[in-house]
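Count along the sequence shown from 1, add 736, and you get the number used in this note's numbering. Glycine residues also receive a C-beta, built at the ideal position from the N, C-alpha and C atoms.
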Amino acid sequence: MVLCRNCAMANMGEVKGILFDYGGTLDSCAEHWSEIIWQGYCSVGLNVEWDDFWDAYVHTERLLERETIIDADFDFLKLMLSKIAIQTKYLSSKYGGAVNNPDLVSSVAYMCYAKAKQCVSESREVLEKLKGKYKLGVVSNFYGNLKTVLADFGILDYFDCVIDSASVGIRKPDSQIFQMGLNALNLNATETIVVGDSYEKDVLPARQLGCCVVWLGAREWNESAENGINVKIVNKLNDLVNTVLVEFN
737 MVLCRNCAMA NMGEVKGILF DYGGTLDSCA EHWSEIIWQG YCSVGLNVEW
787 DDFWDAYVHT ERLLERETII DADFDFLKLM LSKIAIQTKY LSSKYGGAVN
837 NPDLVSSVAY MCYAKAKQCV SESREVLEKL KGKYKLGVVS NFYGNLKTVL
887 ADFGILDYFD CVIDSASVGI RKPDSQIFQM GLNALNLNAT ETIVVGDSYE
937 KDVLPARQLG CCVVWLGARE WNESAENGIN VKIVNKLNDL VNTVLVEFN
C-alpha cells in the first residue's frame, strides 16, 4: 500500500535518477538497526535493559563519527563485530565483564550480517529493475567503508555514485550531502527521487533541495511532519517500482 501526504508529483520533471539511503533502507527491510541489534542481544542472552543498550548504541555511533576506527576495507561483518564490541565494552561498566564476551559479540554480529544479507538480496531485485532506466546513487551516513560493504553484498555495480559521509566530510541532515549526489549524477533536484527511512535525515534535507521523497516505513510520522512536506510513503522498497514510478511512465 502506498500513502500520499501532500505529494505534489506534478511539480516533478521527468524522473531520471534515484538517490537511496543505505542503512535502514537497502539493508534492513525498513527496521532500525538499533532494534535489529537489540534482537540479537536478546537471542543470545545478553540481559541488559533497553535504556542502557540505547545509551551504548548512541555512544558507539558518536564515537565512530569522531574517530577513525572502521577501516575502508571492513566488510559488513567486520563493521558489526567492531560496533558490538564497543557497545558491550561500554555496557560492561554497569553489567560486568561477562557482557563483553567475544563469543556473544560474534554471535550477534553474525546474526546482523545474516539479516543485512537477506534484506540486501531483496533490495537487489529492485535495483535490477531500475538499473539502465535511471541513474542510481547512494547517499549515506556511514563509516568510510560503504563501497566495501556494497561490493561485499554484490550491489556496488548498480550505482553510478556512492556518497559516504565519512569520506566526504558531510553528514545528514546537511542537505549538501544530497547535493553532492545530484552533482555526481549530473541531475537537477526536480529530476531526482530520494528514497530513505528517516524523516529528519532523508525527507527534510531532500525536500529542501526540491527532490521528491519516497519515505520507506514512515516510522517517525506525526502531524507536524505533514506541514509543507511532499512525500510518498511506502511500506516496502518494491512499492517504488510497482506504484510510485508508474506515475511517471
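Considering residue i, what are the terminal residues of the alpha helix (DSSP H) in which it resides?
i	result
residue 917	912-921
residue 900	Where residue 900 is concerned, there is no enclosing alpha helix (DSSP H), although the beta strand (DSSP E) it sits in stretches over 897-900.
residue 817	812-831
residue 787	786-802
What three-state label does DSSP hand residue i in the structure shown?
i	result
residue 762	coil
residue 888	helix
residue 867	strand
residue 952	strand
residue 959	Residue confidence for residue 959 is low, a pLDDT of 40 falling below 50, so the modelled location carries little weight; the figure read from the coordinates is stated next. If DSSP states are grouped into helix, strand and coil, residue 959 belongs with the helices.
residue 906	coil
residue 967	strand
residue 945	helix
residue 862	helix
residue 880	coil
residue 776	helix
residue 973	coil
residue 872	strand
residue 981	helix
residue 782	coil
residue 750	coil
residue 924	coil
residue 807	coil
residue 836	helix
residue 767	coil
State yes or no: is the C-beta of residue i nearer than 8 Å to some heavy atom of the ligand SAM?
i	result
residue 921	Looking at this structure, you won't find the ligand SAM or any other ligand, since it has none at all.
For the beta strand (DSSP E) holding residue i, just list the boundary residues, first then last.
i	result
residue 928	928-932
residue 753	753-756
I'd like the list of long-range same chain contacts for residue i, defined as Cβ closer than 7 Å, with 5 residues on each side in sequence excluded.
i	result
residue 963	Bear in mind that a pLDDT of 47 at residue 963, under 50, signals an unreliable position, so the model cannot answer this.
residue 845	813, 816, 817 and 820
residue 828	835 and 836
residue 772	764, 848 and 851
residue 825	836
residue 779	847
Can you name, in chain order, every residue of its own chain whose Cβ lies under 6 Å from the Cβ of residue i, other than the five neighbours on each side?
i	result
residue 905	none
residue 958	Note that residue 958 scores 46 on pLDDT, short of 50, meaning its location in the model is unreliable; the coordinates nonetheless yield the value given after this. For residue 958, where only same-chain residues beyond five positions count, there are no Cβ hits under 6 Å.
residue 981	none
residue 937	908 and 909
residue 793	770
residue 924	none
In its own chain, which residues sit with a C-beta less than 8 Å from the C-beta of residue i, not counting the 5 before and 5 after it?
i	result
residue 960	For residue 960, the predicted structure reports a pLDDT of 42, less than 50, and the residue's modelled location is therefore unreliable. A value from the coordinates is still provided. For residue 960, where only same-chain residues beyond five positions count, there are no Cβ hits under 8 Å.
residue 934	757, 760, 908 and 956
residue 941	908, 909, 910, 911, 913 and 914
residue 786	774
residue 867	894
residue 788	827, 830 and 831
residue 791	826
Report the CB separation of residue i from residue j in whole angstroms; it is logged as a contact under 8 Å.
i	j	result
residue 976	residue 931	6 Å
residue 822	residue 799	6 Å
residue 884	residue 755	Wrong, their Cβ atoms sit about 20 Å apart, outside the cutoff.
residue 859	residue 762	4 Å
Mind the definition here: the region 860-868 touches the region 884-904 only if three or more C-beta pairs lie below 8 Å; say whether that holds. Proximity of the region 860-868 to the region 884-904 meets the contact definition, three or more beta-carbon pairs being nearer than 8 Å.
With contact counted as at least three CB pairs below 8 Å, one residue from each stretch, are the region 794-811 and the region 875-886 in contact? Three or more pairs of CB atoms, one per stretch, sit closer than 8 Å, so the region 794-811 contacts the region 875-886.
Stretch pair the region 909-920 + the region 869-876: three plus CB contacts closer than 8 Å: yes
Answer yes if the region 968-978 comes into contact with the region 938-951, meaning at least three C-beta pairs across the two stretches below 8 Å, and no otherwise. yes
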